[in-house]
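Residues 1 to 118, numbered by UniProt numbering, are exactly what the sequence shown covers, in order.
Every residue gets a Cβ at the ideal spot worked out from N, C-alpha and C, and that includes glycine.
Computed from a prediction, not measured in an experiment: that's the story for all the values here.
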Amino acid sequence: MLLNNTGINKVFLVGQIEKEPRLHKNQDKEDELYFTLATTEQIKKGNDYIEHIELHSVKVPVTHSCMSNVTLTKGQLLHVAGKIQTKMWVDDLKVKRYKTEILVLQLEVLTTTPVPTY
Numbered sequence: 001m002l003l004n005n006t007g008i009n010k011v012f013l014v015g016q017i018e019k020e021p022r023l024h025k026n027q028d029k030e031d032e033l034y035f036t037l038a039t040t041e042q043i044k045k046g047n048d049y050i051e052h053i054e055l056h057s058v059k060v061p062v063t064h065s066c067m068s069n070v071t072l073t074k075g076q077l078l079h080v081a082g083k084i085q086t087k088m089w090v091d092d093l094k095v096k097r098y099k100t101e102i103l104v105l106q107l108e109v110l111t112t113t114p115v116p117t118y
């Protein structure tokens, strides 16, 4: 039962790391590992099925317990659980910009060697 109009912010994804993960060093908070996770699904279009690929921006604090003894590389198949976060900023042209990311709370490597990418 949800109390006081609270909601649920939970994401589960299974997909491949699209590019080599990047380490972002932060001065005022813990360092984070960023990568793009590609998920694929088959969508029916007419009588045929087409492959739809969705790219998700993912970040995980490097000190998080799910990262102990884990090395992430391009092509690995992962299961991640986390929550959605959206950042807003105003660029040099005074335009509001938004970026939606998945903050990883749990991570499981499903393949230790990269699988063929799409």
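| request: Return the first residue and the last residue of the beta strand (DSSP E) that Asp-48 is part of. | output: Translated into positions along the sequence shown, residue 48 becomes position 48. Residues 48 to 61.
| task | Would you please state the rounded distance, in angstroms, between the beta carbons of Leu-78 and Glu-108? I believe it to be under 8 Å. | result | Here the question's residue 78 lines up with position 78 in the sequence shown. Here the question's residue 108 lines up with position 108 in the sequence shown. 7 Å between Cβ atoms; contact.
| said: Quick check: what's the CA-CA separation for Asp-48 versus Glu-18? | reply: Counting from one through the sequence shown, the residue named residue 48 turns up at place 48. Counting from one through the sequence shown, the residue named residue 18 turns up at place 18. Answer to the nearest angstrom: the Cα atoms are 26 Å apart.
| Under the rule that 16 or more other beta-carbon atoms within 10 Å means buried, what is Ile-43, buried or exposed? | Numbered from its first residue, the sequence shown carries residue 43 at position 43. Per the 10 Å Cβ criterion, exposed.
| N- and C-terminal bounds of the beta strand (DSSP E) containing Ile-102 | Here residue 102 refers to the residue found at position 102 when the sequence shown is read from its first residue. Start and end: 96 to 109.
| In chain order, what residues of the same chain have a beta carbon less than 6 Å from the beta carbon of Glu-32, not counting five sequence neighbours either side? | In the sequence shown, residue 32 corresponds to position 32, counting from 1. If we look at Glu-32 and ignore the five residues flanking it on each side, its Cβ neighbours are His-24, Lys-59 and Pro-61.
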